[in-house]
Each structure stands twice: as structure tokens, then as C-alpha cells.
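Novice:
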Amino acid sequence: MSLEELRNQIDSLDNQMLEILNKRMEVVKHVGELKKSTQTVIYRPEREKQIVDRLASMNKGLLNRAAIEAIYLEIFAVSRNLELPERIAYLGPEGSFTHQAAESRFGAMSDYLALPNIRSVFESVDTGRARFGVVPIENNLEGIVKETIDLLNETDLKIVAEVVISVHFTFATKADKLSDIKRIYSKDIAFGQCEKFLNDYFGGKEDDFFVQVDSTSKAAKLAGQETDSAAICSHIAAKLFDVPILFDNIQDSAQNRTRFFIIGKDFINQKSENDKTTIIARLPEDGKPGTLVRFLQEFESQGINLLKIESRPVKEGEQFNFWFLMEFDGYFLDESVQKIMSKHTSEIKWLGSYVKMV
Numbered sequence: 001m002s003l004e005e006l007r008n009q010i011d012s013l014d015n016q017m018l019e020i021l022n023k024r025m026e027v028v029k030h031v032g033e034l035k036k037s038t039q040t041v042i043y044r045p046e047r048e049k050q051i052v053d054r055l056a057s058m059n060k061g062l063l064n065r066a067a068i069e070a071i072y073l074e075i076f077a078v079s080r081n082l083e084l085p086e087r088i089a090y091l092g093p094e095g096s097f098t099h100q101a102a103e104s105r106f107g108a109m110s111d112y113l114a115l116p117n118i119r120s121v122f123e124s125v126d127t128g129r130a131r132f133g134v135v136p137i138e139n140n141l142e143g144i145v146k147e148t149i150d151l152l153n154e155t156d157l158k159i160v161a162e163v164v165i166s167v168h169f170t171f172a173t174k175a176d177k178l179s180d181i182k183r184i185y186s187k188d189i190a191f192g193q194c195e196k197f198l199n200d201y202f203g204g205k206e207d208d209f210f211v212q213v214d215s216t217s218k219a220a221k222l223a224g225q226e227t228d229s230a231a232i233c234s235h236i237a238a239k240l241f242d243v244p245i246l247f248d249n250i251q252d253s254a255q256n257r258t259r260f261f262i263i264g265k266d267f268i269n270q271k272s273e274n275d276k277t278t279i280i281a282r283l284p285e286d287g288k289p290g291t292l293v294r295f296l297q298e299f300e301s302q303g304i305n306l307l308k309i310e311s312r313p314v315k316e317g318e319q320f321n322f323w324f325l326m327e328f329d330g331y332f333l334d335e336s337v338q339k340i341m342s343k344h345t346s347e348i349k350w351l352g353s354y355v356k357m358v
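Heads up, the sequence shown is in UniProt numbering, so the first residue is 1 and it goes up one at a time.
1) Opposite A254 in the DSSP bridges: which residues?
2) With a cut-off of 8 Å on the beta carbons, I'd call N59 and I68 a contact; round off their distance for me.
3) Closest to residue 366 by CA distance: which of K29, K205, K196, R183 is it?
4) Leaving out five residues on either side along the sequence, give the residues of the same chain with a beta carbon under 7 Å from the beta carbon of S104.
5) Look at the alpha carbon of K315 and the alpha carbon of E86, and state the distance between them as a whole number of angstroms.
6) Along the alpha helix (DSSP H) that carries P244, what are the first and last residues, could you check?
7) Check whether the stretch 195–207 touches the stretch 145–160, taking contact to mean three or more Cβ pairs, one atom from each stretch, closer than 8 Å.
8) Using beta-carbon positions only, say whether L306 and L296 come within less than 8 Å of one another.
9) Which residues in the same chain have their Cβ closer than 6 Å to the Cβ of F247, if we skip the five residues on either side of it in sequence?
10) To which residues of the same chain is A114 closer than 6 Å at the C-beta, ignoring the five residues directly before and after it?
11) Is there contact here, the stretch 238–254 with the stretch 214–228, by at least three beta-carbon pairs under 8 Å?
12) If you run the structure through DSSP and keep just helix, strand and coil, what is Y185?
13) Who does D329 pair with in a DSSP beta bridge?
14) Output the boundary residues of the alpha helix (DSSP H) element that contains K158.
15) Cα separation between I159 and F261?
16) Is L141 helix, strand or coil by DSSP?
17) Write down every uninterrupted run of the alpha helix (DSSP H) in the UniProt domain "Chorismate mutase" (1–87) whose length is 4 residues or greater and which is fully enclosed by it, in chain order.
18) What are the boundary residues of the beta strand (DSSP E) that V358 is part of?
19) With respect to the beta strand (DSSP E) encompassing I282, which residues constitute its N-terminal and C-terminal limits?
20) Report the option in S124, E335, I250 whose CA atom is closest to the CA atom of residue 364.
21) Take the Cβ of T127 as the centre, count every other Cβ of all protein chains shown within 10 Å, and call the residue buried at 16 or more, exposed below.
22) For F210, which residues from the same chain have a beta carbon less than 7 Å from its beta carbon, with the 5 sequence-adjacent residues on both sides left out?
23) Quick check on A231: buried or exposed, where buried means 16 or more other Cβ atoms within 10 Å of its Cβ?
24) In whole angstroms, what is the alpha-carbon distance linking F122 and L178?
25) Of all the CB atoms in chain B, is at least one closer than 8 Å to the CB of A77?
26) Measuring CB to CB, does C233 end up less than 8 Å from T216?
27) For the beta strand (DSSP E) that A114 lies in, which residues bound it at each end?
28) Going by CA-CA distance only, name the one from L141, T277, I268 that's closest to S253.
29) Alpha carbon to alpha carbon, what distance is there between E46 and A220?
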């Protein structure tokens, strides 16, 4: 079969896919009208996961699960915008990894609001200026993001979903040759996480060759303005500022991953087959030894798998007192979970139950 014949087959299949997608969007439109009339929440992470799981299980072709998920997340995002356009706030600037995490769930069509700090994201969602917010919660190499935990404690916002992305750095430049590059822009953390690549290609350069800036997005913007410079940045930043990518995946560790929370106001997910729950526990300050141990043993006795526990200072009074952020398997209305939560109603703050991604 000739190349032209193969291309004609592709064109025919594309025509069929477009027709089917438009039929799907017609159904989505009716779903949106029904949800509006019943004041039902548009974004349902557990429903989206069910669809991806079902399609991946029945798949017999060349597409792997990651490819199916990538395609359908964009379809879901377009569908949601047909149902009800949503504004998404995220920790900026544009082109950051948080921006990438937001687009991975809400697609390119949503209305995005890049904000300068995590607190402003929380305030934007809390005041209704944005429907959802996207903030980092932890990196598997750098650890927990304390500001996010503290703001979950201070506010009444809920965790809608978690998003996990692999942190891949790219080397982007408009220079024709490496020898034409006079400086490389990036954030200090990015320089540190790409040290091996820099030593291999730019070992022996003077310190002023490596220029630290506030963000990898700013690095990409500067590299887009100068033909003799380069940037270490995210893929989305290079695309945003139209800087050609010369090398991809230049980070030292292939296991570098960051987890993000999608936060919302007055949001409760429906139960799925694989949920995670996050709570804050403020245990009694009675001075009795073993208070925390006894509390943790209650989870063991109910057969609940604890996933994470982080302590944070109370910041009140002169004593060294702490509260705890805890994550565990299960949905908050599960009988085993309710036995613990009902016993400690004044000591537990429920932050959300959502589809477990990691």
C-alpha cells in the first residue's frame, strides 16, 4: 500500500472520529443541562477514572494506558467546558509545573489564573473567584510543601483530587549550536537537579554562565528573547514562549515526581473503588503518654492502611504542641473510618476523600 493510500485511510478515520466526538459532545451538553437543573457538581474525578479504567481494560490495540488517559483527559476537559466553563487558579507563573499539572486535568480550554503564591490560590477559591485551585503538596525528593498543609488547616477548603506528574526538565534554546550559547537561565533547584547534564555539556564554564532567575518559566521567556542563551525549564514553558527544545529529560533522577492537590469549596466526591482520605488530627493536650500511639492503633484495629503522617506546630501558646496531617486508604463514609471519626468529632477535621493516584 502506498503512502498516499495510507494517508487517505488516516483522513477517513479522522473524519469518523470527529463525527463521533461531536455526537459525544451532544450527549455531554444534555448532561450539563441536567446537572445545572439539579445543581450537581460538574467535575467528577471518580467518574473520569472509571471511564479510563474501563477503556484500558478492554483495550487490545497499540495504545497503552498512559496514552488512553492523555487523550481522554483532554476530551473530559473539553466536555466540562461545554457543560460549564470553569476558572482554575494555580501557583504560577505560566509555564510552571503546577500549570502543567492543572492543564493535565482541566485541559487547554479552561480559563486559567496564574497566582504568585499558594495563599493567593486558596483565597481565590475561597472567595469564589476561581472554581478550583491547583497547589503542590509534596515532591518525592524535596519533601512536603508546608505552606499547603498549613493553609488546609487554616481554611475550610476541601481536597477534590490529587495529581501526580513526573518532573522532566528540558534544555531549550534558539541558538543554532551549543557553542553559540553565552548563558543558561534557570531556577536554582533546576540547576541542582540537572547537574550531571550541565557537567557533561558545559563543564568548566564560569559561574556567570549559569544565571539564576525566579522561575523556570522566566528562564524560558528570557531564552525566547535572546538567540545566544538557553533555558532549563518545563516542556510547557518552552512551548508557551516558543523556544525550541534541543534536549528533553535532562534531569539527574528519572524518579523525580511531584504531587499536587486540586482544591475546591464545598466539594464532596462520590465513592470510587480506590479512595484515599486526608484528615487533620488535633489530639488532646492532656500530657498523658502514648496519646498519639493509641490514636494510631485505632486505625490498625479497624484494618485501615495509614499512608502518611506529618506533624506541624500549633503556633499558639508557649508549649511545643503539634497537630497532624494524616492520609489513609478508604472513603470517609466507610464504616471502619466512621467508627474512628465519630469517636473523635472534636479532634478530626476531614479534608477530603478522593480517587487515589499514588
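Note that the Cβ used here is the ideal one computed from N, Cα and C, for glycine as well.
Specialist: Checking against the coordinates, here is how it stands:
1) DSSP output for A254 lists no bridge partner at all.
2) 6 Å
3) What the structure shows of the chain is the stretch from 1 to 358, and residue 366 is not part of that stretch, so it cannot be assessed.
4) L73, V163, I165
5) 36 Å
6) Premise fails: P244 is in no alpha helix (DSSP H) and is neither H nor E.
7) no
8) yes
9) F171
10) G92, P93, E94
11) yes
12) strand
13) K276
14) Premise fails: K158 lies in the beta strand (DSSP E), 158–166, not in any alpha helix (DSSP H).
15) 6 Å
16) coil
17) 3–38, 45–58, 65–83
18) Premise fails: V358 is in no beta strand (DSSP E) and is neither H nor E.
19) It is worth fixing the name first, because residue 282 is Arg in this sequence and not Ile. Counting along the chain, R282 falls outside any beta strand (DSSP E), and DSSP gives it neither H nor E.
20) Lying before the first or after the last residue shown, residue 364 is absent from the chain, which here runs from 1 to 358.
21) exposed
22) I184, F191
23) buried
24) 42 Å
25) Absent from the structure is chain B; it holds one protein chain and no more.
26) yes
27) 111–115
28) L141
29) 35 Å
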